[in-house]
Every structure is written in C-alpha cells, then in structure tokens.
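S.K.: Numbering (the UniProt record's numbering), first residue to last: 1 to 180.
Yeah, the Cβ is synthetic: ideal placement off N, Cα and C, and Gly gets one too.
Predicted model only: the values in this text are computed from it and were never measured.
Right, I'll just put the structure down here and ask away after.
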C-alpha cells in the first residue's frame, strides 16, 4: 500500500521531495489507512526509484544548505500506479483490530486488568474520533467535486463510533458479570 500512496502523492505533487511526501502522509493521517514508519516510507521510496517507477528530477540546495532529492513519477510508475489502484480497489478485508486477538483469551485474564485494557481502547477510540471531528470541521467540500479523502474520513469516523459503542457495551457486560 505504501507504494500506491507514494505514487499517488507524486502524481498530485510532482517534484516533491521525500520529506514533503512523508509530511503529507502524516498531515493527512494516512496511518489510519496503512501502518508506516519513517524508515518504511524511505525504504519504499528507494525501492520505487530502483524499480524505475519514480526518478529524481533535480538536486538543489534548500535554505538550510542541504541538498534535497526531488522526485517525479515515470511512465512505468504510472502503469504500476494503475495496477495498484486496481489491486487495492478490488480487495475487501475483514475488520481486524489487534485487540480481537487478545480478547480470545479474556476469560484467562484478570477481570480488572481486562477492564483497564477495554477502557484504553475506549480512550484511544474517542481520541481518534476527536481528531476526525477536528479535521472534518476544518474542511469544506468544494461544490461539484467529490472530496474522496473527506468521505474516507467520514467513513472512518463511522467505524470508530461503532467500535466505541461495542467497547462500551463489552465493558458494561464484563462489569455486570460476577468474578470467577
């Protein structure tokens, strides 16, 4: 998925350098789409360049005196972008929270500690909803144009609301059961 994001960002921002692309991914909260680190981002950037999907267009000194590596997508990269769009647009996956794996063994875990873990999930989910609310309240749709990123964030918010309700219900049920 990271290659698709990098290629797409270079189509939107030709001539951007790596740090700019990474900043876009962080500002736009792409971490909700794919897990990435600074290291995995730069590794993928390097791999795309080695495959010939992107190329360096210039090296220039920034105001700090450091050289920047600016990139553009190549024709081969455009072909790969098209393939990746089809690949990721035709997949549908199960909703999978890592918490589900831990929950499989909830009966073998201390009830009070389990309630703390569920509360942590509740707190994290509320935090994500607040971030999405902030983004959605600070952006407006352009009339006559579909803002896909906004729509994705609205959908993500809906999923988080469902998760929040589920976590809260689960917590209430556990609190209502006697100690084993």
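1) Starting from residue 232, follow its DSSP beta bridges and name the residues at the other end.
2) Three or more C-beta pairs closer than 8 Å, one from the region 152-165 and one from the region 123-131: is that the case here?
3) Could you tell me which residues DSSP pairs with residue 17 in its beta bridges?
4) If you run the structure through DSSP and keep just helix, strand and coil, what is residue 142?
5) Run through DSSP, which three-state label would residue 133 get?
6) Got a sec, what are the start and stop residues for the alpha helix (DSSP H) residue 152 sits in?
7) Thinking just about the alpha-carbon of each residue, which of 110, 48 and 109 is nearest to the one in residue 80?
8) DSSP on residue 3, reduced to helix/strand/coil?
9) Could you check whether the Cβ of residue 18 sits closer than 7 Å to any heavy atom belonging to the ligand FAD?
M.R.: According to the data block:
1) Residue 232 lies beyond the range of the chain shown here (1 to 180); nothing can be said about it.
2) yes
3) 70
4) coil
5) helix
6) 148-175
7) 48
8) helix
9) Of the ligands one can find in the structure shown there are none, so the ligand FAD has no counterpart to examine.
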